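Beneath this line is the structure, given in structure tokens, with notes to follow.
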């Protein structure tokens, strides 16, 4: 992926988007009311990542830009004693807070059944798995460096800006959120263009691929591993070409 040459004043960046009016219900209806094959692929990848840690061995982990997606929070439910779901959008914070307070939507149960089938160390019920999650209404860019033992990021850096440099800055902030030697797991949409959810205005996207992701992460991480997931015909066609899944540790 190449940034357009010269000045790019027309690029939509993270601060330009109205995240407080993110269309949560449309987003969930389009993407998370059933398990798509690509979801299953992410869950399998992330489950294998979490199973390298004994239950309760991670003191504090962070979901970097949590959004309304619950399955990354479920997956941390055995390894992590506390999970901070950091989210800027007030719409997403309201949804997450309600899910923890009132119980998760029934549509999340099949996701948790798959998570637990892959990792029997997870608690017996989804509410138990989410019991250690704390929703934090905060900009991820303001997190202190090295404050967490583990960091997870799913479909964030490439889906909030059209500016490659800002994408790279967000990835570096993600890496910096963990202590040196801390483990990282992430999922990216591959070649994600600007996109529309429901009838809302278009949202910014940065079309990155495995080559770009590797270039951004290599200087700051070790044991970097990337896995490609092909485009899923059962999902909405946002113009992406699949997913790139990442595992790494912050360079000591």
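In my numbering, the protein residues as written are 433 to 684.
Backbone N, C-alpha and C define an ideal beta-carbon position, used for all residues, glycine too.
Only a predicted model underlies this, so the values are computations on that prediction, with no experimental measurement involved.
Hey, would you say residue 500 sits closer than 8 Å to residue 520, going by beta carbons?
Going by C-beta atoms, residue 500 is not nearer than 8 Å to residue 520.
Going by DSSP in three states, residue 524 sits in which element: helix, strand or coil?
Helix, per DSSP.
In whole angstroms, what separates the C-alpha of residue 532 from that of residue 564?
The straight-line gap from Cα to Cα measures roughly 10 Å.
Rank 480, 570, 470 and 557 by C-alpha distance to the C-alpha of residue 540 and give the top, closest one.
The candidate whose alpha carbon is nearest that of residue 540 is 557.
Measure from the alpha carbon of residue 526 to the alpha carbon of each residue in 601, 476, 566 and 651, then state which is nearest.
Checked all of 601, 476, 566 and 651; the closest Cα to residue 526 is 566.
What ranges does the beta strand (DSSP E) occupy inside the region 479-527, keeping only unbroken runs of at least 3 residues that lie completely in it?
Counting whole runs of 3 or more residues, the region 479-527 contains the beta strand (DSSP E) stretches 493-496 and 515-519.
Which residues bound the beta strand (DSSP E) around residue 674?
Residues 674-682.
Name the two residues that bound the continuous alpha helix (DSSP H) containing residue 646.
Here the alpha helix (DSSP H) through residue 646 covers 642-649.
For a test of the three-state rule: what should DSSP assign to residue 563, helix, strand or coil?
If DSSP states are grouped into helix, strand and coil, residue 563 belongs with coil.
How do the region 648-659 and the region 629-637 stand: do at least 3 beta-carbon pairs fall below 8 Å, yes or no?
These segments do not touch.
Across which residues does DSSP place residue 635 in a beta bridge pair?
Residue 635 is bridged to 627.
Identify whether residue 455 lies in helix, strand or coil by the three-state DSSP scheme.
Residue 455 falls in the coil class under three-state DSSP.
For residue 504 and chain C, any beta-carbon pair shorter than 8 Å?
In the structure shown, chain C cannot be found, because there is only a single protein chain.
Would you decide whether residue 489 is buried or exposed? Buried here means 16 or more other CB atoms lie within 10 Å of its CB.
It counts as exposed.
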